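Novice: One structure coming up, written as structure tokens, with questions to follow.
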């Protein structure tokens, strides 16, 4: 023994939803080296987005299916700050509600995926069952389950009716006990915590060095949440970032679980704030200038850099997706772990390869 | 031996794996219902095997086919020996050889996943075979090693031994927490990964034979003079064991190799030992 | 083992899933399924063609047809919004799955909301330069 | 920043290490390296840092053949960002190999750079 074997983990692997390749060097079943290969899903989104600024909000949703609304919000916010306009309050609140709904679906997907990666099929199914409540809710509100196509530069193009607001409230009250039950299972289940506690530890120092964002960094004790900057309507609601210190898979899982409950709180805080008024304002002329736009996507800070030069085509649009930073930090977590823990660790950073590769 | 009894035995060897296949379908249905899903039809395992058989055969090495066939033969032989009422020990070893054939088949393909799967399968054999062996020994010592001579009283005397068979079934049915050798999220079904088409179907049928043997051991624990009550009780006992594994599967995550080996050896051997000890104290003999 | 109670509870409750292809999916009103043209109203202004983010609409002024490349349409509702004569409507139901890229050709000789299905060879329906 | 952008300067490539070090020591987190091609064919690089409460950036302009200093040893996460620039713009970073998204030798070189335009209006089809 002691002879190292190399095994390809992916790009087609049962643990991954999307093509990512980790070439592992194993000694017996201990991982001694890891190399990341990505780019199986590279579609040249940055080029596609820069073709026509009026159509790009729809295309930016297609960067990634599970944080589509965050992508289009980031894009529209960028254009709005180039134009120098403020979105009406109702529009901002609707955006916030939709973003939190999407955070719920995304986090429940990630949680289910973690459960699946340790072979806990039942818990996986329960996560997806509760997720379906939110999915059908957003389907009723926006007209689609995944790509809402609600954002336009200047606001949102689809208003929420009073019945819709009641529907949201009703769904949240239905969802809350179910998520509490899930929270209980995730935090208490002994076999699950045996597989996640102390696995894939990312220290605070390492998280800072690798520039991790989102739940991964918050699980390593970095209290940074872009929502605190108060984009959209986040300045109108009260919340504090959820931080844990352990930095292992369990912490990342629980940060997501707690954020689900927090998302529901934020949605319920938003609902009474919604007042009658316009949801969008029209913008005139082609954009000229440049802007950074940041939103807190489910996976972390999503940065759009837009530079426009007064033409239909944007000069440059740059996406820095959260998964790009988080997936890279796998290299810090994988060496030294067991082969059995590789799926759990890779999945616990929530690798959205569509985002990573763009 | 008269002809009728002989025909009955042949029929049992053919029907038993089919019953196991049906049980697998029920397993999938019950699992689905526990997860609040509808699940596939009960006959799905047969559809699967039929589909696999209709596919184009592909192999990495000729040896794979040999070992797949050998696994099927050994498991079938074990079941035949069991049904014909011969020595339980011999049956046990023949069945064990079948399991080793699966490992050899995994090792004969040059694939890292298959190799790791083979290693893990060996480890699993190391974990569950001692427990199974002790169960065989305690049945033999309590009653008789010849299957044909075993009569009632086992359930009454050896309840913990029966309980020790449940984790063994968890491993054999490839259910969490001990589906380590075939963990598809980790090593993509381990020893089976390089098999496809008809050869995978052969391995699946071999597994049914193996499970028929192990479930057969479970059914030994119930015996009654009346044939109808006897068969009904045996089936009920086997179903109870299956249901227990399904419940365990749906309430736990997969554990690691080390957990599997230590749990199987400590809990399995411990349960058998406690049972025998109590029996010895109460009755003065095993 | 925390899932023990909920597993048993699920076992005796009705399944959450449906028999989807047999039972139609539960689509809420306002679901964006696919676009349909009412050609009697169309004035061939090409607004929908120009506004489409995925270049899924081809307007032919001479043949008086509107062609929707189904697999490109993302159902974003933009064409419905820009249409000056309310020619285009969005209906709840999705288009049927197909094994080859299809286009739906709406023309004046067909009744309202009816279309002709034509198959495209792969990689077609894209503008050549 | 003014419209014309910074001057094309050879020294800027070297200064980036110093500036990054300052930023990282001040507790900032690098969030992106934006590369963009200007009309005259030079490349503008924007290193942006999250230094609360806002974004601070550092920009310079270089010619595409120049080699840029890598900052991956100062801020590990920059490695991915630099490889992305190498891939998509074909820039050269000191000691950073290509091949994060694209396969060396098989994929198009520098897909986000303007191609030497065959005819006008050829941008539509990418």
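Chains as they are written, first to last, in our numbering: chain A, 126 to 483; chain B, 101 to 386; chain C, 402 to 530; chain D, 89 to 214.
Backbone N, C-alpha and C fix where the C-beta goes; we use that ideal spot for every residue, glycine too.
Since we're looking at a predicted model, the values are computed, not measured.
Listed in chain order, which residues of the stretch 242-263 of chain A have Cβ atoms closer than 9 Å to some Cβ of chain B?
Specialist: 242, 243, 244, 245, 246, 247, 248, 249, 250, 251 and 254
Novice: I'd like to know if the stretch 181-198 of chain D and the stretch 159-172 of chain A are in contact, where contact means that at least 3 CB-CB pairs between them fall below 8 Å.
Specialist: Touching, yes, given that three or more Cβ pairs across the two stretches are closer than 8 Å.
Novice: In the DSSP assignment, what are the bridge partners of residue 145/D?
Specialist: On the fourth chain, position 57 is the one that residue 145/D refers to. Answer by DSSP bridge pairing, in chain order: 136/D.
Novice: Any C-beta of chain C within less than 8 Å: which residues of the stretch 330-353 of chain B qualify?
Specialist: Within the stretch 330-353 of chain B, the residues whose Cβ lies closer than 8 Å to some Cβ of chain C are 347, 350, 351 and 352, listed in chain order.
Novice: In chain A, which residues lie with their C-beta within 8 Å of the C-beta of residue 165/D?
Specialist: As a working mapping, residue 165/D is identified with position 77 in the fourth chain. The contacting residues are 334, 335, 336, 337, 450, 453 and 454.
Novice: Residue 128/B touches chain C at which residues, Cβ-Cβ below 9 Å?
Specialist: By 1-based counting over the second chain, the position of residue 128/B is 28. The premise fails here: residue 128/B is roughly 13 Å from chain C at the closest Cβ pair, so nothing lies under 9 Å.
Novice: Give every residue of the same chain whose Cβ lies closer than 6 Å to the Cβ of residue 211/B, excluding the five residues on either side of it in the sequence, and list them in chain order.
Specialist: As a position in the second chain, residue 211/B is number 111, starting the count at 1. Closer than 6 Å at the Cβ level, and outside the excluded window around residue 211/B, lie 294.
Novice: With distances taken from CA atoms, which of 439/A, 412/A and 309/A is nearest residue 379/A?
Specialist: In the first chain, counting from the first residue as 1, residue 379/A sits at position 254. For the residues 439/A, 412/A and 309/A, the minimum Cα distance to residue 379/A belongs to 309/A.
Novice: Looking at residue 185/A and residue 175/A, is the spacing between their C-beta atoms short of 8 Å?
Specialist: Mapped onto the first chain, residue 175/A falls at position 50. Mapped onto the first chain, residue 185/A falls at position 60. Contact: no.
Novice: Across which residues does DSSP place residue 263/A in a beta bridge pair?
Specialist: What you label residue 263/A is simply residue 138 of the first chain in a count that begins at 1. Note: residue 263/A sits in no beta bridge, so no partner.
Novice: For residue 482/A, collect the residues of the same chain with a Cβ closer than 8 Å to its Cβ; drop the 5 residues on either side in sequence, then sort them by chain order.
Specialist: Here residue 482/A refers to the residue found at position 357 when the first chain is read from its first residue. Excluding sequence neighbours, residue 482/A sits near 163, 164, 165, 166, 167 and 168.
Novice: Would you mind stating whether residue 345/B and residue 275/B have Cβ atoms separated by less than 8 Å?
Specialist: Counted from its first residue, the second chain places residue 345/B at position 245. Counted from its first residue, the second chain places residue 275/B at position 175. Yes, the Cβ-Cβ distance between residue 345/B and residue 275/B is below 8 Å.
Novice: What would DSSP say about residue 260/B, mapped onto helix, strand or coil?
Specialist: By one-based count along the second chain, residue 260/B stands at place 160. Residue 260/B falls in the helix class under three-state DSSP.
Novice: Just the chain C side, please: which residues come within less than 7 Å of residue 180/A by C-beta, in chain order?
Specialist: To locate residue 180/A, count along the first chain from 1; it is residue 55. Result: 454.
Novice: Mind the definition here: the stretch 278-294 of chain A touches the stretch 323-337 of chain B only if three or more C-beta pairs lie below 8 Å; say whether that holds.
Specialist: The stretch 278-294 of chain A makes no contact with the stretch 323-337 of chain B, as fewer than three CB pairs between them are under 8 Å.
Novice: Sorted by chain position, which residues of the same chain lie with C-beta nearer than 6 Å to residue 358/A's C-beta, five sequence neighbours on each side aside?
Specialist: Within the first chain, residue 358/A is the residue found at index 233, counting from 1. Excluding sequence neighbours, residue 358/A sits near 217, 218 and 221.
Novice: What residue ranges within the stretch 437-469 of chain A form continuous alpha helix (DSSP H) runs of no fewer than 4 residues, ordered along the chain?
Specialist: 447-453 and 455-458
Novice: Take residue 407/C as the anchor and find which of 314/A, 362/A and 178/A has the nearest alpha-carbon.
Specialist: Here residue 407/C refers to the residue found at position 6 when the third chain is read from its first residue. Measuring from the Cα of residue 407/C, the nearest candidate turns out to be 314/A.
Novice: Return the residue from the list 390/A, 152/A and 213/A that minimises the CA-CA distance to residue 284/A.
Specialist: What you label residue 284/A is simply residue 159 of the first chain in a count that begins at 1. Looking at the Cα atoms, 213/A is the closest of the given residues.
Novice: Counting contacts by CB-CB distance shorter than 8 Å, is residue 508/C in contact with chain B?
Specialist: Residue mapping note: residue 508/C aligns to position 107 of the third chain, counting from 1. Answer no: the Cβ-Cβ gap between residue 508/C and chain B never drops below 8 Å.
Novice: Using a Cβ cut-off of 8 Å (strictly closer), state whether residue 470/C contacts chain A.
Specialist: By one-based count along the third chain, residue 470/C stands at place 69. No, because no Cβ of chain A sits closer than 8 Å to the Cβ of residue 470/C.
Novice: By alpha-carbon positions, which one of 177/D, 104/D and 181/D ends up nearest to residue 196/D?
Specialist: Here the question's residue 196/D lines up with position 108 in the fourth chain. Ranked by Cα distance from residue 196/D, the options 177/D, 104/D and 181/D are led by 177/D.
Novice: What in chain A is Cβ-close to residue 441/C, meaning under 7 Å?
Specialist: As a first step, residue 441/C is located in the third chain; it is residue number 40 there, counting from the start. Going along chain A, no residue has its Cβ under 7 Å from residue 441/C, so there is no contact; the nearest lies around 26 Å.
Novice: Grab me the residues of residue 301/A's own chain with a C-beta within less than 7 Å of its C-beta, minus the 5 sequence neighbours each way, in chain order.
Specialist: Working through the first chain from its first residue, we reach residue 301/A at position 176. The residues are 389.
Novice: Any beta carbon of chain C sitting closer than 8 Å to that of residue 134/B?
Specialist: By 1-based counting over the second chain, the position of residue 134/B is 34. Chain C contact via Cβ: present.
Novice: Using the C-alpha atoms, what's the distance from residue 304/B back to residue 297/B?
Specialist: Numbered from its first residue, the second chain carries residue 297/B at position 197. Numbered from its first residue, the second chain carries residue 304/B at position 204. Going from the Cα of residue 297/B to the Cα of residue 304/B covers about 11 Å.
Novice: So which of 394/A, 181/A, 244/A and 211/A has the shortest CA-CA distance to residue 287/B?
Specialist: To locate residue 287/B, count along the second chain from 1; it is residue 187. Closest option to residue 287/B, Cα to Cα, is 244/A.
Novice: Taking only three categories from DSSP, how would you classify residue 105/D?
Specialist: For the purposes of this step, residue 105/D is taken as residue 17 along the fourth chain, with counting starting at 1. Reduced to three states, the DSSP call for residue 105/D is helix.
Novice: Using DSSP bridges, identify the partner residues of residue 414/A.
Specialist: Your numbering for residue 414/A matches position 289 in the first chain. For residue 414/A, which the question treats as bridged, DSSP gives the partners 433/A.
Novice: Does DSSP put residue 507/C in a helix, a strand or coil?
Specialist: One-based indexing of the third chain puts residue 507/C at position 106. Strand, per DSSP.
Novice: Three Cβ pairs or more, each shorter than 8 Å: is that satisfied between the stretch 421-430 of chain A and the stretch 263-271 of chain A?
Specialist: no
Novice: In terms of DSSP beta bridges, what is residue 155/A paired with?
Specialist: Along the first chain, one-based indexing puts residue 155/A at 30. Answer is 152/A and 463/A, bridged to residue 155/A.
Novice: Would you kindly work out how many angstroms separate the C-alpha atoms of residue 477/C and residue 471/C, rounded to a whole number?
Specialist: Within the third chain, residue 477/C is the residue found at index 76, counting from 1. Within the third chain, residue 471/C is the residue found at index 70, counting from 1. So the alpha carbons of these two residues sit roughly 13 Å apart.
Novice: Between which residues of its own chain and residue 267/B is the CB-CB distance below 8 Å, once the five residues before and five after are set aside?
Specialist: Position 167 of the second chain, counted from the start, is the residue given in the question as residue 267/B. Closer than 8 Å at Cβ, skipping near neighbours: 228, 231, 278, 363, 364, 367 and 368.
Novice: Would you report the Cα separation of residue 356/A and residue 156/D, rounded to the nearest angstrom?
Specialist: As a working mapping, residue 356/A is identified with position 231 in the first chain. As a working mapping, residue 156/D is identified with position 68 in the fourth chain. For residue 356/A and residue 156/D, the distance between alpha carbons rounds to 35 Å.
Novice: Spatial neighbours of residue 211/A within its chain, please: C-beta separation below 8 Å, excluding the five flanking residues on both sides.
Specialist: Counting from 1 along the first chain, the entry for residue 211/A is found at position 86. Same-chain partners within the cutoff: 205.
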